[in-house]
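The listed protein sequences correspond, in order, to chains R and D. Under our numbering, think of the first position of the first sequence as 4, with each following residue one higher. Under our numbering, think of the first position of the second sequence as 4, with each following residue one higher.
2 protein chains.
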Amino acid sequence: MKIKKEVTIYDLAKELNYSPSTISRALNDHKSISKKTIKVIKEAAMEMGYRPNNLAAGLRNNKSNTIGVLISRINRPFMASLISGIEETARKAGYNVLISQSNDKYENEISNCNALYDSRITGLIVSLSMETVDMGHFQKFVDKGIPIVFVDRVPDNFNSYKVVIDNYTAGYSATKHLIEQGCTRIAHFAGAQHRNIYEERKKGYVDALQEHGLSVEEDLIIHFKTLSFEEGDKATKKLLKMANPPDGIFSANDTAAVSAIMCAKKMGVDVPHELAVIGFNDDPIASIVQPSLSSVSHPASKMGAISARRILEHSGQNYDSNLSEITVLGTEIIIRDSSLKNLHVLESKQSR
Amino acid sequence: MKIKKEVTIYDLAKELNYSPSTISRALNDHKSISKKTIKVIKEAAMEMGYRPNNLAAGLRNNKSNTIGVLISRINRPFMASLISGIEETARKAGYNVLISQSNDKYENEISNCNALYDSRITGLIVSLSMETVDMGHFQKFVDKGIPIVFVDRVPDNFNSYKVVIDNYTAGYSATKHLIEQGCTRIAHFAGAQHRNIYEERKKGYVDALQEHGLSVEEDLIIHFKTLSFEEGDKATKKLLKMANPPDGIFSANDTAAVSAIMCAKKMGVDVPHELAVIGFNDDPIASIVQPSLSSVSHPASKMGAISARRILEHSGQNYDSNLSEITVLGTEIIIRDSSLKNLHVLESKQSR
DNA sequence: ATAGTTAACGGAATCGATTGCATAAATTTA
DNA sequence: TAAATTTATGCAATCGATTCCGTTAACTAT
């Protein structure tokens with residue numbers, strides 16, 4: 004197999020009798036090169052099959068036109084959509100996207116962080132691992148002036164760009180929705196409380212209860228480790244066996260919410276009339292499960308796009324150094340069957 | 004904000020009174036450097052916070068220890084798991100992963116392909132876009148000796164590594180399963196026939212019918228464009244309204260299969276007794292929908308891991324140049340409620 | 001017409017790691 | 001002990017693009 008040699012700006016220079024400097028400038032539309040020369044050079048470059056060597060340029064400029072992404076897991080609907088949004092935006096601007104997953108392990112987050120750092124990424128987009136508390140591994144980026152955008156799972160003790168949703172309001176609204184549907188004993192499937200998103204969702208839940216004159220019962224707040232299907236199943240079983248079981252559940256994610264629905268059905272508990280359920284994320288499963296799951300929809304892809312744009316803006320020319328800019332996006336309560344008690348009441352009235 | 008300067012091998016050389024060559028060799032465990040010197044240099048490197056500059060090394064070696072991934076869409080369960088497998092394997096070997104999605108557009112595939120090429124990736128992992136027919140854009144990789152691994156959606160006219168599942172057998176088995184459950188008029192939701200996976204699944208379907216003495220009716224084979232939920236809903240409606248409707252459906256993906264189940268329920272057709280359904284991919288929704296969807300499970304993450312390993316092996320030293328190595332993985336029929344007629348028959352017999 | 005500008009381009013250093021070749025020292029062999 | 005190896009290290013070119021600093025020529029202003 005013959006290996007073709009790559010065309011460089013030196014080859015172009017020789018061919019066209021220009022210096023490499025001129026070639027380089029022409030290819031970058033430098034103002035001090037005449038339009039005519041630029042045209043000639045670009046055409047020759049095209050014809051000779053010239054392709055820029057990003058590594059060489061990166062070495063010289065000490066950056067690689069690459070955005071690094073550091074997340075917990077790729078194969079979660081939210082994360083996949085997030086990446087999708089990042090990739091789309093980045094690529095349109097001619098940037099590459101490097102991904103790495105921590106699998107929610109602090110150690111992996113550190114080593115991936117270092118690997119991305121070594122790759123001279125232009126900026127870093129992070130959704131923290133479940134375990135992460137100390138933020139030391141991100142300091143080197145700050146020291147080097149490399150922008151970091153935290154998405155969704157963000158730290159509260161680190162000054163940087165942040166792109167989040169209003170978890171508090173979402174939690175409040177979801178809970179309020181259940182209250183409006185007539186629930187009076189609402190349980191909450193809470194995530195790890197050192198992660199902002201879960202803490203805020205819980206706060207919204209608590210405040211909604213209190214502001215509507217309902218008591219907050221610790222028994223009804225289940226603290227999950229991973230909000231998995233299994234955990235949800237177990238928690239639901241326990242709740243429904245209580246002497247005074249809840250009539251509603253606000254789950255901090257959809258996986259656990261779906262497990263609650265399925266567990267309730269298995270136990271002969273009617274959803275939504277005996278137990279109304281609302282989840283979080285609006286995963287694809289939410290509209291498939293029966294009764295379909297009400298949920299809070301998350302603009303995942305948009306969050307990715309915005310995060311990428313933050314980095315592009317930061318490395319652009321007209322960049323206004325305001326490192327702690329926080330973007331808060333709205334959410335939407337998607338009401339489906341799992342929480343719709345009122346309508347049904349209405350219907351049964353009509354059918355009498 | 005103060006920007007810290009990076010430590011290079013020259014800094015180490017000056018500090019330790021060695022030449023940069025020695026530093027470089029020591030850091031790479033070159034045999035011609037004494038273990039003592041290596042130890043001294045590595046410790047100093049650690050202490051001074053040295054981090055290798057991948058761009059410089061990449062420029063010199065004309066490769067970047069990076070695996071490029073070119074897929075249609077990230078936010079599909081199968082693809083997300085595939086990437087997850089690639090990333091995990093690559094990172095363990097110290098490789099980075101660059102991702103790009105074509106959104107199933109031929110044009111995007113070409114431009115992403117070029118972008119990855121320009122990034123001097125060590126190898127490329129591809130799952131073809133729905134539109135791709137011509138393979139010209141991959142030739143430059145071959146010319147440069149850069150390995151390409153096609154995964155899942157592979158070409159049949161291009162000599163390269165391939166990692167696939169046995170789609171024919173899977174299609175055959177899925178159809179056979181329906182036949183064994185007593186179905187006699189089995190419809191097929193077929194994908195774009197120029198993509199190997201869909202063509203082979205259909206072939207398996209056709210052969211299974213014929214070998215079991217069932218006729219192949221063109222009316223029962225619906226050719227989809229994207230196998231979306233909407234398409235599936237429409238197709239199911241049409242099928243069930245036929246004078247002689249099918250009693251089984253083998254769908255080439257789960258999305259369309261789920262839509263069939265939901266459509267049938269809406270139309271009052273009992274699944275599985277009046278209509279048995281089996282899908283493909285074993286997406287998370289398969290176990291959530293009711294009745295739960297039988298499906299063919301795809302070892303997505305494993306396929307990703309194997310693909311990555313192919314590239315690592317290729318660029319390793321003891322590489323045996325056998326460019327057309329094809330890996331075929333097995334699949335598993337996951338039987339759930341949507342296709343289980345026999346058991347039910349048994350149960351109803353017992354209950355008499 | 002002469003000084004002052006501007007436009008268009010070239011020279012050469014630079015980014016940081018790698019490596020073929022050369023050399024010096026240490027060790028073994030004859 | 002001289003010669004032949006082996007071991008450990010240094011020199012300097014190289015990868016390809018970028019950019020600071022000139023330099024020349026053409027052009028403008030006074």
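Cβ atoms here follow ideal geometry from the backbone N, Cα and C, with glycine treated the same way.
Contact belief for residue i with residue j at Cβ below 8 Å, rounded distance in angstroms
i                      : j                      : result
residue 228 of chain R : residue 220 of chain R : Not a contact, Cβ separation roughly 21 Å.
residue 89 of chain R  : residue 70 of chain R  : 7 Å
residue 204 of chain R : residue 283 of chain R : 7 Å
residue 289 of chain D : residue 339 of chain D : 7 Å
residue 25 of chain R  : residue 308 of chain R : Residue 25 of chain R to residue 308 of chain R, Cβ: 37 Å. No contact.
Local Cβ density within 10 Å of residue i, reported as buried at 16 or more and exposed below that
i                      : result
residue 100 of chain D : buried
residue 292 of chain D : buried
residue 63 of chain R  : exposed
residue 72 of chain R  : buried
residue 184 of chain R : buried
residue 350 of chain R : Confidence at residue 350 of chain R is low in this model, with a pLDDT of 43, below 50, so its placement is unreliable and no value can be given for it.
residue 13 of chain R  : exposed
residue 295 of chain R : buried
residue 269 of chain D : exposed
residue 133 of chain R : buried
residue 257 of chain R : buried
residue 180 of chain D : buried
residue 137 of chain D : exposed
residue 61 of chain R  : buried
residue 265 of chain R : buried
residue 317 of chain R : buried
Beta-carbon spacing of residue i, residue j below 9 Å
i                      : j                      : result
residue 263 of chain R : residue 238 of chain R : yes
residue 313 of chain D : residue 120 of chain D : no
residue 186 of chain R : residue 285 of chain R : no
residue 344 of chain D : residue 303 of chain D : no
residue 130 of chain D : residue 154 of chain D : yes
residue 126 of chain R : residue 152 of chain R : yes
residue 364 of chain D : residue 190 of chain D : With chain D represented from 4 up to 355, any question about residue 364 of chain D goes unanswered, as that position is not in the structure.
residue 48 of chain R  : residue 40 of chain R  : no
residue 2 of chain R   : residue 342 of chain R : Only positions 4 to 355 of chain R appear in this structure, which leaves residue 2 of chain R out of reach.
residue 53 of chain D  : residue 85 of chain D  : no
residue 193 of chain R : residue 281 of chain R : no
residue 105 of chain R : residue 74 of chain R  : yes
Three-state class that DSSP yields for residue i in the structure shown
i                      : result
residue 229 of chain R : coil
residue 45 of chain D  : helix
residue 272 of chain R : coil
residue 281 of chain R : strand
residue 251 of chain D : strand
residue 189 of chain D : strand
residue 165 of chain D : strand
residue 77 of chain D  : coil
residue 224 of chain R : strand
residue 85 of chain R  : helix
residue 20 of chain D  : coil
residue 94 of chain D  : helix
residue 52 of chain R  : coil
residue 344 of chain R : coil
residue 209 of chain R : helix
Terminal residues of the beta strand (DSSP E) in which residue i lies
i                      : result
residue 183 of chain D : Where residue 183 of chain D is concerned, there is no enclosing beta strand (DSSP E), although the alpha helix (DSSP H) it sits in stretches over 170-183.
residue 130 of chain R : Element bounds for residue 130 of chain R: n/a, residue is neither H nor E.
residue 330 of chain D : 329-332
residue 335 of chain D : 335-337
residue 61 of chain R  : Not the beta strand (DSSP E): residue 61 of chain R falls in the alpha helix (DSSP H), residues 57-64.
residue 195 of chain R : Counting along the chain, residue 195 of chain R falls outside any beta strand (DSSP E), and DSSP gives it neither H nor E.
residue 153 of chain D : 151-154
Opening and closing residue of the alpha helix (DSSP H) in which residue i lies
i                      : result
residue 69 of chain D  : First-last for residue 69 of chain D: 69-74, but that is the beta strand (DSSP E), not the alpha helix (DSSP H).
residue 258 of chain D : 257-269
residue 99 of chain D  : Run containing residue 99 of chain D: none in the alpha helix (DSSP H); it sits in the beta strand (DSSP E), 99-104.
residue 317 of chain D : 303-318
residue 299 of chain R : Premise fails: residue 299 of chain R lies in the beta strand (DSSP E), 298-300, not in any alpha helix (DSSP H).
residue 160 of chain D : That residue, residue 160 of chain D, is in no alpha helix (DSSP H); it is neither H nor E in DSSP.
residue 113 of chain D : 109-121
residue 426 of chain R : This structure leaves residue 426 of chain R out entirely; chain R is present only between 4 and 355.
residue 27 of chain R  : 23-30
residue 290 of chain D : 287-291
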